[in-house]
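Remarks on the structure that follows.
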Amino acid sequence: MGQAERRCARDLAAAPGGSVAVRGWVTAVQRKRDRVALTVRDHTGEVRCVSQDPAVLAALEPATPHSGVSLVGEVRPGRGEGVQLEIERVESMLPAADPLPLKGNSAAADRLDYRYFDLRDPERFAIFKIFSAVETAIRGYLAEQGFISIHAPRITGGGSESGAAVFQLPYFGETACLVQSIQFYAQMAIGAGFDRVFDIGPVFRAENSLTNRHATEFTCLHVEFAWMHSHEDLMALEEALIRHVLNEVADQHGEEIEELFGLRVNPFEAPIPRIPFARAIELVADDDEPRAQLTARDERALSKYVHAELGHDFVFVTDFPAEERPFYTMAADGEGADGLSETRSFDLLWRGVEITSGCQREHRSERLYDQARADLGDAALDQYLGKYYLDMFNYGCPPHGGFGIGLDRFLMLLLGQPSLQETSFVFRGPERFTP
Ligand code: ATP
Numbered sequence: 185m186g187q188a189e190r191r192c193a194r195d196l197a198a199a200p201g202g203s204v205a206v207r208g209w210v211t212a213v214q215r216k217r218d219r220v221a222l223t224v225r226d227h228t229g230e231v232r233c234v235s236q237d238p239a240v241l242a243a244l245e246p247a248t249p250h251s252g253v254s255l256v257g258e259v260r261p262g263r264g265e266g267v268q269l270e271i272e273r274v275e276s277m278l279p280a281a282d283p284l285p286l287k288g289n290s291a292a293a294d295r296l297d298y299r300y301f302d303l304r305d306p307e308r309f310a311i312f313k314i315f316s317a318v319e320t321a322i323r324g325y326l327a328e329q330g331f332i333s334i335h336a337p338r339i340t341g342g343g344s345e346s347g348a349a350v351f352q353l354p355y356f357g358e359t360a361c362l363v364q365s366i367q368f369y370a371q372m373a374i375g376a377g378f379d380r381v382f383d384i385g386p387v388f389r390a391e392n393s394l395t396n397r398h399a400t401e402f403t404c405l406h407v408e409f410a411w412m413h414s415h416e417d418l419m420a421l422e423e424a425l426i427r428h429v430l431n432e433v434a435d436q437h438g439e440e441i442e443e444l445f446g447l448r449v450n451p452f453e454a455p456i457p458r459i460p461f462a463r464a465i466e467l468v469a470d471d472d473e474p475r476a477q478l479t480a481r482d483e484r485a486l487s488k489y490v491h492a493e494l495g496h497d498f499v500f501v502t503d504f505p506a507e508e509r510p511f512y513t514m515a516a517d518g519e520g521a522d523g524l525s526e527t528r529s530f531d532l533l534w535r536g537v538e539i540t541s542g543c544q545r546e547h548r549s550e551r552l553y554d555q556a557r558a559d560l561g562d563a564a565l566d567q568y569l570g571k572y573y574l575d576m577f578n579y580g581c582p583p584h585g586g587f588g589i590g591l592d593r594f595l596m597l598l599l600g601q602p603s604l605q606e607t608s609f610v611f612r613g614p615e616r617f618t619p
């Protein structure tokens with residue numbers, strides 16, 4: 185007997201008559217003496233499958249919720265407007281062991297231990313369908329804008345001297361590290377004349393942060409482009425990119441998101457407000473202490489203010505003081521508040537959480553060396569950094585800049601999820617590196 189053609193649950197109504205195979209997992213079983221009705225779910229939806237054939241009833245004897253099945257039959261009108269499968273034969277019966285590894289109310293740690301089972305939940309699976317749609321929308325938009333996708337290495341010799349916040353690994357008698365960001369490689373592409381590049385992939389942070397928005401490995405979109413004038417160009421690109429992504433997600437998954445997560449995806453029309461750091465501090469600081477960065481509390485307070493006063497869920501905070509920004513950040517002209525020089529930098533906040541940091545990079549060799557020396561000391565310049573990074577700026581590197589978006593975090597905010605444990609396919613945190 186040949187293999188019947190597979191039909192997914194979503195497409196079944198389009199196949200009345202003829203023999204087709206339905207393949208998936210049983211979610212419910214009803215048995216009467218002379219009949220059986222199974223609800224079978226695949227990655228597209230659910231379908232009712234029925235039979236009164238004694239041979240089919242016998243073959244489906246072991247079927248319990250979560251058993252895998254492949255059932256061949258005829259598509260017939262079902263209850264209401266739907267269709268159902270009249271089972272003619274059982275192609276595969278893959279029984280689920282008893283007891284099941286998880287129950288409906290299992291603790292989060294157990295859910296992560298049995299992630300393969302946890303993700304059979306349609307709501308959890310939907311997160312990754314939508315994640316995939318977000319990634320496709322990003323790739324599509326950036327390709328249209330002339331960006332090419334690169335794949336930077338994740339193992340690096342840089343950073344191994346400091347050991348701070350990097351995972352080190354033995355590397356054939358030497359010590360290598362996992363990258364915290366692929367920015368230096370994206371800049372290398374700029375130095376090589378690629379002009380506009382992006383990379384989507386994992387990055388690693390050895391930070392012992394037990395918050396809902398930190399993971400030790402997460403998926404980052406990194407965007408870098410050349411011949412720009414200031415960080416305004418970066419924000420304009422990111423704003424258009426996010427608008428495009430939200431429009432695509434709303435078109436493709438808006439109804440599903442409303443149904444499963446009770447949320448409306450609201451693509452925005454109005455421009456994202458830009459608030460200079462010094463002004464942001466005036467708006468939210470609860471003391472007079474001078475500071476060079478926003479705390480998590482400041483970010484929440486600022487987003488609340490922007491939502492109430494300006495009606496936007498997003499806000500760009502711009503022009504951070506140099507003090508807390510990395511040495512490669514381009515300084516703005518003049519001195520900033522509190523005597524700290526400002527930089528051509530920004531963060532993007534969404535619903536009170538930072539999702540992006542970006543800046544124009546310093547590309548003028550002399551200034552870059554000065555900033556690196558001031559920040560890291562002379563010794564650093566003689567090592568990896570000097571040879572493999574700074575040297576590139578001696579050969580006509582164009583003005584450029586870039587930004588990174590943590591995509592697991594983006595999805596957490598998009599779908600109102602409580603933590604990255606839900607939006608990372610398999611979460612990695614300080615207390616979790618299995619399975
Ligand atoms: P935070 O202040 O939230 O720790 P950061 O300033 O260290 O973030 P960047 O190094 O600028 O973040 O990284 C760029 C983006 O990557 C962040 O805006 C965020 O979306 C994401 N990101 C950073 N660290 C993490 C992490 N540990 N887990 C998940 N996403 C992260």
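Note that the sequence shown ends on residue 619 in our numbering; no numbers are left out.
Glycine included, each C-beta is placed from N, C-alpha and C at the ideal position.
As the structure is a computational prediction, the values presented were derived from the model and not from experiment.
Using the Cα positions of residue i and residue j, report the straight-line distance between them to the nearest angstrom.
i: S549; j: F577; result: 5 Å
i: A434; j: R612; result: 29 Å
i: M596; j: D305; result: 17 Å
i: V204; j: A188; result: 5 Å
i: H398; j: L604; result: 7 Å
i: P443; j: R481; result: The sequence as given places Glu at residue 443; Pro does not occur at that position. Approximately 31 Å, taken between the alpha carbons.
i: D237; j: D294; result: 40 Å
i: F530; j: H437; result: 30 Å
i: A464; j: L486; result: 7 Å
i: T527; j: R509; result: 8 Å
i: A390; j: G264; result: 55 Å
i: A348; j: G600; result: 32 Å
i: G266; j: A197; result: 7 Å
i: I332; j: R545; result: 20 Å
i: G586; j: L303; result: 34 Å
i: C361; j: V387; result: 11 Å
i: S677; j: S365; result: In the structure as shown, the chain starts at 185 and stops at 619, and residue 677 therefore has no counterpart that could be examined.
i: V220; j: H227; result: 23 Å
i: P249; j: V256; result: 19 Å
i: D592; j: L430; result: 15 Å
i: L326; j: R551; result: 31 Å
i: A476; j: G330; result: 35 Å
Thinking just about the alpha-carbon of each residue, which of the options is nearest to the one in residue i?
i: P505; options: F498, G495, M514 and D497; result: M514
i: H584; options: H415, S603 and Q352; result: H415
i: L533; options: A336, G357, T502 and P246; result: T502
i: E275; options: E265, S254 and Y300; result: S254
i: L574; options: D554, R448, G586 and P279; result: D554
i: I374; options: R612, C581, E453 and F611; result: C581
i: F500; options: D470, A469, A516 and A462; result: A462
i: A370; options: G357, T359 and G385; result: G385
i: L278; options: W209, K216 and L552; result: W209
i: P285; options: T527, G561 and Y300; result: Y300
i: S316; options: L269, T403 and M419; result: T403
i: P602; options: R616, I311 and Q214; result: I311
i: E270; options: G288, A247, R338 and L241; result: L241
i: N396; options: E538, H547 and A556; result: E538
i: H496; options: Q329, R427 and E440; result: R427
i: E432; options: E307, R225, F309 and E319; result: E319
i: G288; options: R308, E272 and R557; result: R308
I think residue i touches residue j, with their Cβ atoms under 8 Å apart; what is that distance to the nearest whole Å?
i: H406; j: G588; result: 5 Å
i: A193; j: G252; result: Not a contact, Cβ separation roughly 14 Å.
i: L222; j: A243; result: Contact doesn't hold; Cβ gap of about 12 Å is too wide.
Check whether the Cβ of residue i lies closer than 8 Å to any heavy atom of the ligand ATP, and answer yes or no.
i: F378; result: no
i: A370; result: no
i: C404; result: yes
i: D592; result: yes
i: E538; result: yes
i: G343; result: no
i: S541; result: yes
i: H398; result: yes
i: Q364; result: yes
i: G585; result: no
i: L574; result: no
i: R194; result: no
i: R389; result: yes
i: L486; result: no
i: G588; result: yes
i: D471; result: no
i: L353; result: no
i: D497; result: no
i: D531; result: yes
i: L222; result: no
i: L421; result: no
i: S251; result: no
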